[in-house]
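> In this note's numbering, the protein residues as written are 138 to 263. Input: one structure, supplied below.
Structure below.
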């Protein structure tokens, strides 16, 4: 099963953080995770604002090195995004929700606000 991962889950995986739960770790080990360019976009924005200490080029390199599947952004994702209610105002989260919905792919996240959208969620802390 392909599983879309959010920025926090990916960063926890790359940093080998204890915050990433055992089930979430198994997702990364199994080869099921899918990474959206939205994740790199969020890392780039937050790093440029000084809110995150990460190098987007290094993260991109490691994603490729680990052979993680990449998902592009399509028109279907934009159509899904436009139809989303505003339960969640974070633009990165909203785009991941739209991609998850359009691709019928669960989202690995610790963001509890996302549950309001009715998409399949896997808790990255478990």
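All C-beta atoms in this analysis are idealised placements derived from N, C-alpha and C, irrespective of residue type, glycine included.
Give a yes or no on whether the C-beta atoms belonging to residue 206 and residue 172 are separated by under 8 Å.
The answer is yes: Cβ separation under 8 Å.
> How far does the alpha helix (DSSP H) with residue 228 in it extend, from its first residue to its last?
That run of the alpha helix (DSSP H) goes 228-240.
> Could you give the residue range of the beta strand (DSSP E) that holds residue 153?
Premise fails: residue 153 is in no beta strand (DSSP E) and is neither H nor E.
> Taking the Cβ atom as the reference point for each residue, do residue 237 and residue 228 lie within a distance shorter than 8 Å?
Result no, Cβ atoms of residue 237 and residue 228 do not sit closer than 8 Å.
> I'd like the ranges of any alpha helix (DSSP H) spanning at least 4 consecutive residues and lying wholly in the region 153-198.
Whole alpha helix (DSSP H) segments, 4+ residues: 159-167, 174-185.
> With three or more C-beta pairs closer than 8 Å as the rule, is the region 152-159 touching the region 172-183?
They do not touch, by the three-pair rule.
> Anyone know if the C-beta pair for residue 213 and residue 239 falls short of 8 Å?
In contact: residue 213 and residue 239 (Cβ atoms closer than 8 Å).
> Given this structure, state the Cα-to-Cα distance separating residue 259 from residue 174, to the nearest angstrom.
Cα to Cα, residue 259 sits roughly 20 Å from residue 174.
> So, is residue 192 buried or exposed, given that buried needs 16 or more other C-beta atoms within 10 angstroms?
Looking at its Cβ environment, which holds fewer than 16 other Cβ atoms inside 10 Å, residue 192 is exposed.
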